[in-house]
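**Q**
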Amino acid sequence: MRDAEAVGADAPYHIAIITAETAAFPDMQHFLAPRFQPALAQTEKQIQAVADDPDIRAVLFDLDSVGREPSEAMELLQEIRQARNDLVIVAITRSNSRTIPLKASQAGADEFFLAPLDFQELQIVLARAIEKRGLQVEGQRLVEQAESKSAFCGLIGGSEAMQRVYQAIQAVADSNTTVVLRGESGTGKELIANAIVQTGNRRDKPYICLNCSAIPESLIESELFGYEKGAFTGAESAKAGLIEAAHGGTLFLDEITTLDHSLQSKLLRVLQERTVQRVGGRSAKKIDFRLIAATNDDLEELVRQGRFREDLYYRINVVPIFVPPLRDRDGDLPLLADHFLRTYCAANNKTLKQLAPEALEILEDYSWPGNVRELENVVQRLVLMSGSSNIRASHLPQQLLQSSVAGQESILIPEEGVDFDAEMERIELAYLAAALRRTGGRKTAAAALLHIDPQRMKYLCRKRKLAADG
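Straight run, no breaks: the sequence shown in my numbering ends on number 1453.
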């Protein structure tokens, strides 16, 4: 009892016991007092009241007494978990089935006990779990608070690098100046373009987006500029292009450097004259739009190579906004990871998952060549593939583990630890065997290869029972 009392506060924890075994409740109530104040929940109405009561900190769930099939109990457990992520849920059963603990964990149970219960152990485990969950909930609240302070028009990040981006967005939002967003692939340039539009005076006007690299060269001209009837085979009627569709609003051209020279020239004319002429057309139409371009290429280098028109470069590079890679956004990764966890857990109807400290350390140690997009994909995969609500280092993709110092340490020393002496023996045996194979079984040559004394080599071979020629 002293252990349990040392973990929590003096006031008793309010908990609920879901069981059909009414006769067992008084004994459970007695053995759990005074640290816990249990309430019995049997009916659907009582169970709903448990889920609605914010004072209830934990639920002891008797899996054997709910429904006719085990699956019914698991469904109810999952419903309670989805309704209350802050609850500690302890599943109890008399069954020795190996699959029940796994299913209960996947449904949202935090702890699992076999009946008959060891109430002293239950009290200690339950008190510690409630205390831990309380800290997690408070931590989550602080993260959400920090995220709300670090969010801007759908962008998340409180780092100095992102604060500079936010300031740039606000500075250009209401102007008609052409903006070019520059940064590596996956940094969120399209989100920044959207933020410029949403905070500007054209927010209620058309917003047209085009990824120039996603459309074949043979089609992109007609997509951008439109065409008149009969302009080419298949043009059975006239069609306005995306530039016309953006009239009064904003045109966002992603990967603008993939346009060929002919289209670069035509786009330059549109920007200079503020008119657009359809393919096959004879007259130009006056157009009012604001251009936002984006690229992950080195524009200056492309200009030097002659792959991007210098005059178009000066026309679009009026206000460049450099979007920082994730590795340069100090402190933003935990906010982004938490945001994606909540997003994809909700989208897939899964219990909210959390990153264990060692897993977060590995994520922060990784260089993220694919930037925020790569992080989002990794988190989405973890939500779908990890059966645990607590994502540990062992759940992370192998390339992350191998690419970070923290990851390599987690591979070297797993969570359960290692038998150091056994590992040293294994390594010693591996080196001895490899040296003997390399030297055709000659101990003296093997000793030289390992930079050890020949006598020591002979001793180690006898110790490890390795046959050799001498």
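A virtual CB, placed ideally from N, CA and C, is assigned to each residue, including glycine.
Can you name the start and end residues of the alpha helix (DSSP H) that N1177 belongs to?
**A** For the purposes of this step, residue 1177 is identified with residue 194 of the sequence shown, where counting begins at 1. Note, N1177: alpha helix (DSSP H), 1172-1182.
**Q** Go to D1454, then tell me how far its beta strand (DSSP E) extends in each direction, as first and last residue.
**A** The requested residue 1454 does not occur in the structure, where the chain is confined to residues 984 to 1453.
**Q** Can at least three beta-carbon pairs, one atom from the stretch 1339-1350 and one from the stretch 1177-1187, be found at a separation below 8 angstroms?
**A** No, they do not touch.
**Q** Starting from I1345, trace the alpha helix (DSSP H) both ways and give me its first and last residue.
**A** Translated into positions along the sequence shown, residue 1345 becomes position 362. Per DSSP, I1345 belongs to the alpha helix (DSSP H) from 1340-1348.
**Q** Output the residue ranges of the alpha helix (DSSP H) runs that lie fully inside the stretch 1132-1161 and measure 4 residues or longer, sorted by chain position.
**A** Fully enclosed alpha helix (DSSP H) runs of 4 or longer: 1143-1155.
**Q** E1167 and N1354 - do their beta-carbons sit closer together than 9 angstroms?
**A** Stepping through the sequence shown from its first residue, residue 1354 is reached at position 371. Stepping through the sequence shown from its first residue, residue 1167 is reached at position 184. Going by C-beta atoms, N1354 is nearer than 9 angstroms to E1167.
**Q** Quick check on DSSP: helix, strand or coil for D1294?
**A** For this step, residue 1294 is matched to residue 311 along the sequence shown. D1294: helix per DSSP, three-state reduction.
**Q** Apart from the five residues just before and just after E1411, which ones in its own chain have a Cβ nearer than 8 angstroms to its Cβ?
**A** Here the question's residue 1411 lines up with position 428 in the sequence shown. Contacts found: L1443, R1447.
**Q** In the structure shown, what three-state DSSP assignment does A999 receive?
**A** Locating residue 999 in the sequence shown gives position 16, where the first residue counts as 1. Note: A999 maps to strand in three-state DSSP.
**Q** Hey, out of N1331, H1244, D1313, whose CA is closest to Y1296's CA?
**A** Here residue 1296 corresponds to residue number 313 of the sequence shown, with the count starting at 1. Comparing Cα-Cα distances from Y1296 to each of N1331, H1244, D1313, the minimum goes to H1244.
**Q** In three-state terms, what does DSSP make of E1058?
**A** Here residue 1058 refers to the residue found at position 75 when the sequence shown is read from its first residue. It is helical.
**Q** Between which two residues does the alpha helix (DSSP H) harbouring C1328 extend?
**A** Locating residue 1328 in the sequence shown gives position 345, counting from the first residue. 1316-1330 is the span of the alpha helix (DSSP H), which, as asked, contains C1328.
**Q** If you draw a straight line from the C-alpha of E1227 to the C-alpha of G1117, how long is it?
**A** As a working mapping, residue 1227 is identified with position 244 in the sequence shown. As a working mapping, residue 1117 is identified with position 134 in the sequence shown. Whole-angstrom Cα-Cα distance: 56 angstroms.
**Q** Quick check on the DSSP output: the beta strand (DSSP E) that includes D1237 runs from which residue to which?
**A** As a first step, residue 1237 must be located in the sequence shown, where it is residue number 254. Unbroken beta strand (DSSP E) run through D1237: 1233-1237.
**Q** Name the two residues that bound the continuous alpha helix (DSSP H) containing L1419.
**A** As a working mapping, residue 1419 is identified with position 436 in the sequence shown. Here the alpha helix (DSSP H) through L1419 covers 1403-1421.
**Q** Tell me which residues share the same chain as A1003 and place their Cβ nearer than 8 angstroms to its Cβ, disregarding the 5 neighbours each side in the sequence.
**A** For the purposes of this step, residue 1003 is taken as the residue at position 20 of the sequence shown. Excluding residues within five positions, the ones whose Cβ falls inside 8 angstroms are Q1025, D1045, S1048, V1049.
**Q** Can the beta-carbon of G1171 be found closer than 9 angstroms to that of L1193?
**A** Position 188 of the sequence shown, counted from the start, is the residue given in the question as residue 1171. Position 210 of the sequence shown, counted from the start, is the residue given in the question as residue 1193. No. Outside cutoff.
**Q** Apart from the five residues just before and just after V1362, which ones in its own chain have a Cβ nearer than 8 angstroms to its Cβ?
**A** Numbered from 1 along the sequence shown, position 379 holds the residue referred to as residue 1362. Cβ neighbours of V1362 beyond the five flanking positions: A1320, F1323, L1324, Y1327.
**Q** How should F1235 be labelled, buried or exposed, when 16 other C-beta atoms within 10 angstroms of its C-beta is the threshold for buried?
**A** As a working note, residue 1235 is residue 252 in the sequence shown. By the neighbour-count rule (16 or more Cβ atoms within 10 Å), F1235 is buried.
**Q** Name, in chain order, the residues that DSSP records as bridge partners for T1258.
**A** The sequence position of residue 1258 within the sequence shown is 275, counting from 1. K1269, per the DSSP bridge assignment.
**Q** How about I996 and L1109: do their beta carbons lie closer than 9 angstroms?
**A** For the purposes of this step, residue 996 is identified with residue 13 of the sequence shown, where counting begins at 1. For the purposes of this step, residue 1109 is identified with residue 126 of the sequence shown, where counting begins at 1. With the sequence shown as reference, residue 996 is identified as Tyr, and Ile is not the correct amino acid for it. Going by C-beta atoms, Y996 is nearer than 9 angstroms to L1109.
**Q** Can you find the residues in the same chain that come closer than 8 angstroms, C-beta to C-beta, to Y1210, ignoring five residues on each side of it along the sequence?
**A** Within the sequence shown, residue 1210 is the residue found at index 227, counting from 1. So the list reads A1218, A1221, K1222, G1224, R1261, V1262, G1263, G1264, once near-sequence residues are dropped.
**Q** Going by DSSP in three states, P1303 sits in which element: helix, strand or coil?
**A** Looking up residue 1303 in the sequence shown gives position 320. Of the three classes helix, strand and coil, the one that applies to P1303 here is strand, per DSSP.
**Q** Mind checking whether A1041 and A999 have CB atoms under 9 angstroms apart?
**A** Here residue 1041 corresponds to residue number 58 of the sequence shown, with the count starting at 1. Here residue 999 corresponds to residue number 16 of the sequence shown, with the count starting at 1. Yes, they are a contact pair.
**Q** Just the C-alpha distance for A1098 and I1001, rounded to the nearest angstrom, thanks.
**A** Start at 1 with the first residue of the sequence shown, and residue 1098 comes out as number 115. Start at 1 with the first residue of the sequence shown, and residue 1001 comes out as number 18. Cα to Cα, A1098 sits roughly 14 angstroms from I1001.
**Q** Could you tell me which residues DSSP puts in a beta bridge with R1165?
**A** In the sequence shown, residue 1165 corresponds to position 182, counting from 1. T1278, F1305.
**Q** Provide the residue span of the beta strand (DSSP E) that contains V1355, from first to last.
**A** Counting from one through the sequence shown, the residue named residue 1355 turns up at place 372. Where V1355 is concerned, there is no enclosing beta strand (DSSP E), although the alpha helix (DSSP H) it sits in stretches over 1354-1368.
**Q** State the Cα-Cα distance for the pair R1298 and L1274, rounded to the nearest angstrom.
**A** In the sequence shown, counting from the first residue as 1, residue 1298 sits at position 315. In the sequence shown, counting from the first residue as 1, residue 1274 sits at position 291. Cα-Cα distance, rounded: 10 angstroms.
**Q** Are P1303 and V1163 touching if we call contact CB-CB under 9 angstroms?
**A** As a first step, residue 1303 is located in the sequence shown; it is residue number 320 there, counting from the start. As a first step, residue 1163 is located in the sequence shown; it is residue number 180 there, counting from the start. The answer is yes: Cβ separation under 9 angstroms.
**Q** Distance cutoff 9 angstroms, beta carbons only. Does V1155 sit that close to anything in chain C?
**A** The structure shown contains no chain C; it is built from a single protein chain.
**Q** How many Å lie between E1204 and D1311 at the Cα?
**A** Within the sequence shown, numbered from 1, the residue matching residue 1204 stands at position 221. Within the sequence shown, numbered from 1, the residue matching residue 1311 stands at position 328. Distance between the alpha carbons of E1204 and D1311: 37 angstroms.
**Q** Check each candidate in Q1012, F1291, D1035, G1091 and name the one with the smallest Cα separation from L1105.
**A** Residue mapping note: residue 1105 aligns to position 122 of the sequence shown, counting from 1. Nearest of Q1012, F1291, D1035, G1091 to L1105, Cα basis: Q1012.
**Q** How far does the alpha helix (DSSP H) with L1202 in it reach, from first residue to last?
**A** Here the question's residue 1202 lines up with position 219 in the sequence shown. From DSSP, the alpha helix (DSSP H) with L1202 extends over 1200-1208.
**Q** Whose C-alpha, out of E1293, R1185, L1242, V1306, is nearest the C-alpha of L1207?
**A** The residue labelled residue 1207 in the question sits at position 224 within the sequence shown. Taking only the C-alpha atoms, the option nearest L1207 is L1242.
**Q** Can you have a look at V1155 and say buried or exposed, based on whether 16 or more other CB atoms are within 10 angstroms of its CB?
**A** By 1-based counting over the sequence shown, the position of residue 1155 is 172. Label assigned to V1155: buried.
**Q** Should D1093 go down as buried or exposed, given a rule of 16 or more other Cβ atoms within 10 Å for buried?
**A** Residue mapping note: residue 1093 aligns to position 110 of the sequence shown, counting from 1. D1093 should be labelled buried.
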